[in-house]
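This report refers to the structure that appears directly beneath it.
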Amino acid sequence: MGSKSELEQYLDSPTEPESDSFDVLRWWNDKKSTYKVLSSMAKDILAIPVSTVASESAFSTSGRVLDQFRSSLTPKFVEALICAQDWLRSSLTPITIEQYLEDAEKYEEELSGTTTEIMMD
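Structure (structure tokens):
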């Protein structure tokens, strides 16, 4: 059997001790050479600002449309909120660890292919 995927390595690694001063963004930044794909995903996900308004009511996609005249939010931010809402809703569907591992391996392959293309240019 081949080497472990990033996700498997991450899941097998020891957890950090609990601390009030723990900075998750700094941790992922420090680990970006070890977990290239996961750290990139973490950066994207953790970059989404927390909203104190329930996204269901504030950003309903079932009738109310946000545009530049009705909101100070950028289209990219609204897209991120809608994606997060979809991800949260889809999390109610059971998924196996095998599916997570397959997805992680696919992302690793895509990222390594992109890196190779950049190096060849």
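In this text, residue positions in the sequence shown follow the UniProt record's numbering: the first is 1, and each later residue adds one. Heads up, the beta-carbon is just placed ideally off N, CA and C, and yes, glycines get one too.
Taking just the CA atoms, how far does residue j sit from residue i?
i: Thr15; j: Leu25; result: 15 Å
i: Cys83; j: Pro75; result: 12 Å
i: Ser13; j: Thr34; result: 11 Å
i: Thr96; j: Met41; result: 19 Å
i: Asp44; j: Asp30; result: 16 Å
Going by beta carbon distance, what residues of the same chain come within less than 6 Å of residue i, once the five residues before and after it are set aside?
i: Lys32; result: Ser39
According to the Cβ coordinates, are residue i and residue j closer than 8 Å?
i: Leu7; j: Leu111; result: no
i: Val37; j: Ala80; result: no
i: Ser3; j: Glu108; result: no
For residue i, collect the residues of the same chain with a Cβ closer than 8 Å to its Cβ; drop the 5 residues on either side in sequence, then sort them by chain order.
i: Leu46; result: Val24, Leu25 and Trp28
i: Gln9; result: Thr34 and Tyr35
Buried or exposed: residue i, going by 16 or more other Cβ atoms within 10 Å of its Cβ?
i: Leu11; result: exposed
i: Leu88; result: exposed
i: Ser19; result: exposed
Leaving out five residues on either side along the sequence, give the residues of the same chain with a beta carbon under 7 Å from the beta carbon of residue i.
i: Glu98; result: none
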